[in-house]
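Following our numbering, the numbering of the sequence shown begins with 2 at its first residue and continues without gaps.
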Amino acid sequence: LVFQLLFSRLSSTCDGRARCLKGFMSLQDWVRVRATSKWLHTWAGIVFGALFSLTCLTGSVIVFRQEVERATLPRGRTTGGAVRSMQLADAEREIDRLQPGARVTRVYLPSNPNDPYIFQIRSAEGQRHRVVVDASSGKVVGELNKVAWMDWLIDLHRNLLTGKTGRKIVGFIGILGVAMGATGLLL
């Protein structure tokens, strides 16, 4: 409606040979620019909208990553429900005893009283592992099983399965989404 009012006022003050927009371009040029802009906006929106939708869809599944991983935790050897008496340093020593040269890079604290700690470590060979440690005893229960399809979805979501190049594309899609929304308001 706003654009129609602007365009009707613009067209009523310009004839085909006059200069519109204060000497910037003729009415025919304005119509061509507008048509080209609409075409570019439409097709860029379709292509980048599909990629944006893919990113949103994978993100909505990844939200449940912790629940999926919790379902795969090693069971049977924990003393679930016992009082937490373990210190993080004790668990780190236990990990170092089982995997010499490994370095703890992250610790996931339990969200529920019966859940174990999860230590993300980098082995001496440089591989990343997630080790499950009983919260009451400090003993290593096992390694967190990888959920291959979830790892694939995360890579698709963050990198479009193409590494650093994909990460840049995903960032560009986010920036372009904001720009498309802004130009959509003008068109």
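From the three backbone atoms N, C-alpha and C, an ideal C-beta is built for every residue, glycine too.
Bridge partners - residue i, DSSP secondary structure assignment
{"i": "R123", "result": "R104 and R129"}
{"i": "E68", "result": "Its beta-bridge partners do not exist; DSSP assigns none."}
Exposure label - residue i; buried when at least 16 CB within 10 Å
{"i": "T106", "result": "exposed"}
{"i": "I96", "result": "buried"}
{"i": "A180", "result": "exposed"}
{"i": "T56", "result": "buried"}
{"i": "V171", "result": "buried"}
{"i": "P117", "result": "buried"}
{"i": "L161", "result": "buried"}
{"i": "I119", "result": "buried"}
{"i": "V142", "result": "buried"}
Three-state class that DSSP yields for residue i in the structure shown
{"i": "V141", "result": "strand"}
{"i": "S27", "result": "strand"}
{"i": "V134", "result": "strand"}
Nearest-angstrom beta carbon gap, residue j and residue i [assumed within contact, 8 Å]
{"i": "R123", "j": "A103", "result": "7 Å"}
{"i": "H42", "j": "G185", "result": "7 Å"}
Residue-level contact to chain B via CB, residue i, 8 Å cutoff
{"i": "R129", "result": "Judged by its chain identifiers, the structure shown contains no chain B, having just a single protein chain."}
| task | Check whether the region 129-136 touches the region 162-178, taking contact to mean three or more Cβ pairs, one atom from each stretch, closer than 8 Å. | result | no
| said: Does the contact criterion of 3 or more C-beta pairs under 8 Å hold for the region 139-155 versus the region 53-70? | reply: yes
| query | Per the contact definition of three or more C-beta pairs closer than 8 Å, is the region 86-93 in contact with the region 136-145? | reply | yes
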